[in-house]
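K.L.:
Residue numbers (numbering that gives the first Met the number 0), protein chains in the order written: chain A, 0 to 134; chain B, 0 to 134; chain C, 0 to 134; chain D, 0 to 134; chain E, 0 to 134; chain F, 0 to 134.
I am attaching a structure below and will ask some questions about it afterwards.
6 protein chains.
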Amino acid sequence: MIYLTRRAEFSAAHFYHVPQWSDAENQRRFGKCANRNGHGHNYTLEVTVCGEVDAVTGFVIDLKHLKDILQRSVLDDFDHRHLNHEVAEFAAKVPTTENLSVAIWQRLQPHLAPARLHRVRLYEMPDLFVDYYGE
Amino acid sequence: MIYLTRRAEFSAAHFYHVPQWSDAENQRRFGKCANRNGHGHNYTLEVTVCGEVDAVTGFVIDLKHLKDILQRSVLDDFDHRHLNHEVAEFAAKVPTTENLSVAIWQRLQPHLAPARLHRVRLYEMPDLFVDYYGE
Amino acid sequence: MIYLTRRAEFSAAHFYHVPQWSDAENQRRFGKCANRNGHGHNYTLEVTVCGEVDAVTGFVIDLKHLKDILQRSVLDDFDHRHLNHEVAEFAAKVPTTENLSVAIWQRLQPHLAPARLHRVRLYEMPDLFVDYYGE
Amino acid sequence: MIYLTRRAEFSAAHFYHVPQWSDAENQRRFGKCANRNGHGHNYTLEVTVCGEVDAVTGFVIDLKHLKDILQRSVLDDFDHRHLNHEVAEFAAKVPTTENLSVAIWQRLQPHLAPARLHRVRLYEMPDLFVDYYGE
Amino acid sequence: MIYLTRRAEFSAAHFYHVPQWSDAENQRRFGKCANRNGHGHNYTLEVTVCGEVDAVTGFVIDLKHLKDILQRSVLDDFDHRHLNHEVAEFAAKVPTTENLSVAIWQRLQPHLAPARLHRVRLYEMPDLFVDYYGE
Amino acid sequence: MIYLTRRAEFSAAHFYHVPQWSDAENQRRFGKCANRNGHGHNYTLEVTVCGEVDAVTGFVIDLKHLKDILQRSVLDDFDHRHLNHEVAEFAAKVPTTENLSVAIWQRLQPHLAPARLHRVRLYEMPDLFVDYYGE
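The structure is reproduced here in structure tokens:
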């Protein structure tokens, strides 16, 4: 069993806002992140798949295939976008790093068989990241 | 003569738009960066000052002083902001990395004497940065 | 279940010395690290907490809260200190990266509920780090 | 139980080739990696061992010992080598990152007792790495 | 005047060999780099261009144009290649980092007007790089 | 003319203290750095030499020679040392990054001919570094 990780980058804008809270409450809880014009990040995404190594090719997964899935399932929709305004999952959900990693898992998971999605790691900044294992 | 460089980070949203161009022309020239909802980056700023080393302290500049100036002159206005909508210099100017570095130079330059501002380096992404020397 | 990791830095001096050994034995076993004047490192600490994502905020833990705990429980005592002379845990214990990570776990663990401390990772150098999971 | 990770680097050449396939098939499946002159990488290897912390030394493993084993078991044979032509394991196996990590595990595993080899992580590029846990 | 730097990566194999020297002399002078099977690196290339900022676009150079030139003039010929056997400049010249940076300068310089090529920086390893300014 | 840069690391302890000032004044001016037990850093040193490329070897300088000089002139005396107590230049001078870079220049400069020492860059932390060009 080998775990293979591919890193990718996307640049996106977002802000934090809970509609059932007052502006003052949003400001108090989310600080600078509550600014509704949005701010942004260079997100670094690490996708880990696992599986048996193919005895002929030495591959767990074809890397071009993995790259294509990442591009079509995540990057095409997230890169150079405003997450609150343009990505369906965040129409009614705060685009925190936590929620982003779950959304990315759900987008990738159906497309990786026979390899298995093991982990989604997402860095919002070099000093802050989350891991999601699908459970 | 010693050159001292301090690195700082800010997260901001922006987009590229020339008002005298049609939407199609903006799209053609700026690609994904033309998306008017904005996208964003973790900018990395490196500010270099130069001067003589003080014979007693061994300092070119007091680091707390430099940090304060960076905070008040740049970070307070740029961090967690939408550059097109909230930073004065970009009301009528495209917030490219080039234009950002000139704006940052102009904000910092008056406050560093007796040290001298030598260079502003700004990374938009780890693989893209600009340098401005004030001339 | 989401795992969130926050990175922080501290700069400290230390040396390795076992009092029941002769100086020659300390030198033989610890090499350059046995120098009793001390040397030092920029330590990089990664603290991972885990828990359920709050359905309203999208957070596993409030980041300002996490940052405060890190500051008060670890950084205030470790940053810009000589670990052998100024940090209680190392009065009678060698401040190896292994022992440091256990001490940091014990300082952080009581303060993170309802999130749970999952891992303390400590880099002494970019090419050397340890992980401790509390067991 | 502490997990300690040591990072090391080696520079090597390789190419991907399955002898039972035609050149066209190798090219179609492996793309640029099929070039039989070879290309190369700066590989970054992270070796994680685990064990109890020694009550006297504060060590999981003596770092000089670990470094020696890495040098003799892996780096002496892999660094500045052409993996296809000079490393025994790849005489009849494609030197993918997956297969490399398994070979490195097998070379290190016998020499680390009483510590236990926990993980071999190998980066081929900063954006691509594999993990192998020996099972 | 703004200086803009774009980073790119290529993976290549090479070895050092002076044909007028004996094998023993090559070995003595070049050590492990003399292995004629070749070894390899992930090279990191930083290309710096300079020029006036366009008053309308805020650009020194169109980034898509710069990326195309890098791809066609350098990466297509260098990436996943064996430099000694496949790149014309090194048929009779040792592919040191020094010589590589001069070759890259000569390939890029004719294509960047009206911007001006300012510097080619090439990293062979993270701890070794050269700069060439065309003079 | 090629500029070649070699990076090296050393770990050292230091503190800031001006003997003609009171303890309170040292504390006020140097903050946490005034702690006389010392704290420490992983310093990253980048040494840049320049010269003509040798037409036969393709080298500006023999890298083993450069590495030896770095080791003997700087690392042997600075690595795993307490700079205030063990390095001659800082018996009566504050070991700031500025003063360290000048001391390193003076130690290296006599040994590099026919190449010429161009720059000493010293990082105290990833976000703070100084450059010294010998003038």
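C-beta atoms are modelled at their ideal positions from N, C-alpha and C, and glycine is treated no differently.
I want to verify the contact list: residues of chain F whose CB lies under 7 angstroms from the CB of E/PHE128, in sequence order.
P.N.:
THR4
K.L.:
Counting only the same chain and skipping the five closest in sequence on each side, list residues whose C-beta sits under 6 angstroms from that of A/GLU51.
P.N.:
none
K.L.:
With a cut-off of 8 angstroms, does the C-beta of A/ARG27 fall near any C-beta of chain C?
P.N.:
no
K.L.:
What does a CB cutoff of less than 8 angstroms around D/GLN26 pick up in its chain, not counting 5 residues either side in sequence?
P.N.:
ALA33
K.L.:
Out of curiosity, what's the CA-to-CA distance linking D/ARG80 and A/PHE58?
P.N.:
Cα to Cα, the separation comes out at about 22 angstroms.
K.L.:
For a minimum of 4 consecutive residues, which ranges assigned as the alpha helix (DSSP H) are wholly contained in the stretch 70–124 of chain A?
P.N.:
82–85, 96–107
K.L.:
Kindly indicate if chain D contains any beta-carbon less than 8 angstroms away from that of E/SER10.
P.N.:
yes
K.L.:
Would you say C/GLY133 lies against chain A (beta-carbon separation less than 8 angstroms)?
P.N.:
No, C/GLY133 does not count as interfacial toward chain A.
K.L.:
Per DSSP, what kind of secondary structure is B/ALA54 in: helix, strand or coil?
P.N.:
It is coil, neither helix nor strand.
K.L.:
Suppose contacts are defined by Cβ-Cβ distances below 8 angstroms. Is E/ARG115 in contact with E/LEU69 by that definition?
P.N.:
With contacts defined as CB atoms closer than 8 angstroms, E/ARG115 and E/LEU69 fail to qualify as a contacting pair.
K.L.:
Please confirm if D/PHE58 has its CB atom under 8 angstroms from at least one CB of chain C.
P.N.:
yes
K.L.:
If you measure beta-carbon to beta-carbon, which residues of the stretch 72–97 of chain B are closer than 8 angstroms to chain A?
P.N.:
ASP78, HIS79, ARG80, HIS81, HIS84, GLU85
K.L.:
For the beta strand (DSSP E) that contains B/ASP22, what are its first and last residues?
P.N.:
That residue, B/ASP22, is in no beta strand (DSSP E); its alpha helix (DSSP H) goes 22–29.
K.L.:
Is it buried or exposed, C/GLY39, if we count other Cβ atoms within 10 angstroms and call 16 or more buried?
P.N.:
buried
K.L.:
In the structure shown, what three-state DSSP assignment does C/ASP67 receive?
P.N.:
helix
K.L.:
Going by DSSP, what residues sit across from B/TYR131 in a beta bridge?
P.N.:
B/VAL119, E/ILE1
K.L.:
Taking one C-beta from the stretch 116–131 of chain C and one from the stretch 91–107 of chain C each time, how about it: are there three or more such pairs within less than 8 angstroms?
P.N.:
Judged by pairs of C-beta atoms under 8 angstroms, the stretch 116–131 of chain C touches the stretch 91–107 of chain C, as three or more such pairs exist.
K.L.:
Give me the Cα-Cα distance between D/THR47 and C/PRO109, rounded to the nearest whole angstrom.
P.N.:
28 angstroms
K.L.:
Under 8 angstroms between C-beta atoms, does A/VAL46 make it to chain C?
P.N.:
no
K.L.:
Which residues share a DSSP beta bridge with B/PHE9?
P.N.:
B/PHE9 pairs with B/TYR42.
K.L.:
Run the proximity test for F/TYR131: is its beta-carbon closer than 7 angstroms to any non-hydrogen atom belonging to the ligand NAP?
P.N.:
Inclusion of the ligand NAP in the displayed structure is not the case, the ligand content being empty and no account of it being possible.
K.L.:
Report yes if the C-beta distance between F/PHE77 and F/PHE9 is below 8 angstroms; otherwise report no.
P.N.:
Going by C-beta atoms, F/PHE77 is nearer than 8 angstroms to F/PHE9.
K.L.:
Take B/VAL129 as the anchor and find which of B/LEU82, B/ASP67, B/TYR42 has the nearest alpha-carbon.
P.N.:
B/TYR42
K.L.:
Taking 8 angstroms as the CB-CB cut-off, is F/SER21 touching chain B?
P.N.:
no
K.L.:
Starting from B/VAL48, follow its DSSP beta bridges and name the residues at the other end.
P.N.:
B/LEU3, B/LEU116
K.L.:
Is there a Cβ of chain E sitting closer than 8 angstroms to that of B/VAL55, yes or no?
P.N.:
no
K.L.:
If you count every other CB in all the chains shown that lies within 10 Å of the CB of C/VAL86, and 16 or more means buried, which is it?
P.N.:
buried
K.L.:
I think D/HIS13 touches D/GLY37, with their Cβ atoms under 8 angstroms apart; what is that distance to the nearest whole Å?
P.N.:
6 angstroms
K.L.:
I need the straight-line Cα distance from B/VAL55 to C/VAL101, nearest angstrom please.
P.N.:
41 angstroms
K.L.:
Check whether chain F comes within 8 angstroms of C/LYS31, counting only Cβ atoms and requiring the distance to be less than that.
P.N.:
yes
K.L.:
How big is the Cα-Cα spacing for B/SER72 and B/ARG118?
P.N.:
16 angstroms
K.L.:
Let me confirm a value: E/LYS92 is counted as buried when at least 16 other C-beta atoms fall within 10 Å, else exposed. Which label applies?
P.N.:
buried
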